[in-house]
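First residue of the sequence shown: 85, per the working numbering; consecutive thereafter.
Backbone N, C-alpha and C define an ideal beta-carbon position, used for all residues, glycine too.
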Amino acid sequence: MMGCPIALPLRIDVDFSAKVAHLLDQASGRIAGDPGVLHPIYDGTFRLSCPMPDGYTPRMNHWGRELSARVNRSGWLFEITEESDGVSGGWMASCIPPHMYRTFLSAWLASNQARQLELFA
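Structure, rendered in structure tokens:
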């Protein structure tokens, strides 16, 4: 994306990084290995997305089918949302519940692992 350079490898970070450090390491590694998983947004941030994990109950968008997160160019994960067709609801910055970092990162890593395995099958 022109005008929005990012430094790779991008290190993903969050407010509660100590509690999810292993997931942040895995996510950062995945991005370093495939920067294409970062989808640029018009405002210069990037979007990561995945299907909602089995057993997850949407809290902010009752029609949600997908989880997404926004990451700035420095790697700060500052938004997690539940999305459906044309509707989203979620949390930003310090309002993100700590367990949502674990939920999103685990689901995102699992969905991308499955996709990578399918590519090599």
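Buried or exposed by the 16-neighbour rule on C-beta atoms within 10 Å, applied to residue i
i	result
residue 34	Residue 34 lies beyond the stretch modelled for the chain, which goes from 85 to 205, so this question has no answer here.
residue 116	exposed
residue 178	exposed
residue 180	buried
residue 176	exposed
residue 128	exposed
residue 191	buried
residue 104	buried
Residue i - partner residues in DSSP beta bridges
i	result
residue 134	151
residue 172	167
residue 124	130
residue 160	97
Close beta carbons around residue i, own chain, < 7 Å, minus the five adjacent residues each side
i	result
residue 169	none
residue 159	94, 95, 96, 97
Among the options, nearest to residue i - alpha-carbon criterion
i	options	result
residue 119	183, 162, 157	157
residue 155	106, 191, 103, 122	122
residue 98	188, 161, 186	161
Range of the contiguous alpha helix (DSSP H) that encloses residue i
i	result
residue 117	105-117
Contacting residues, own chain, Cβ-Cβ under 6 Å from residue i (five flanking each side not counted)
i	result
residue 133	150, 152
residue 164	153, 174, 175, 180, 184, 188
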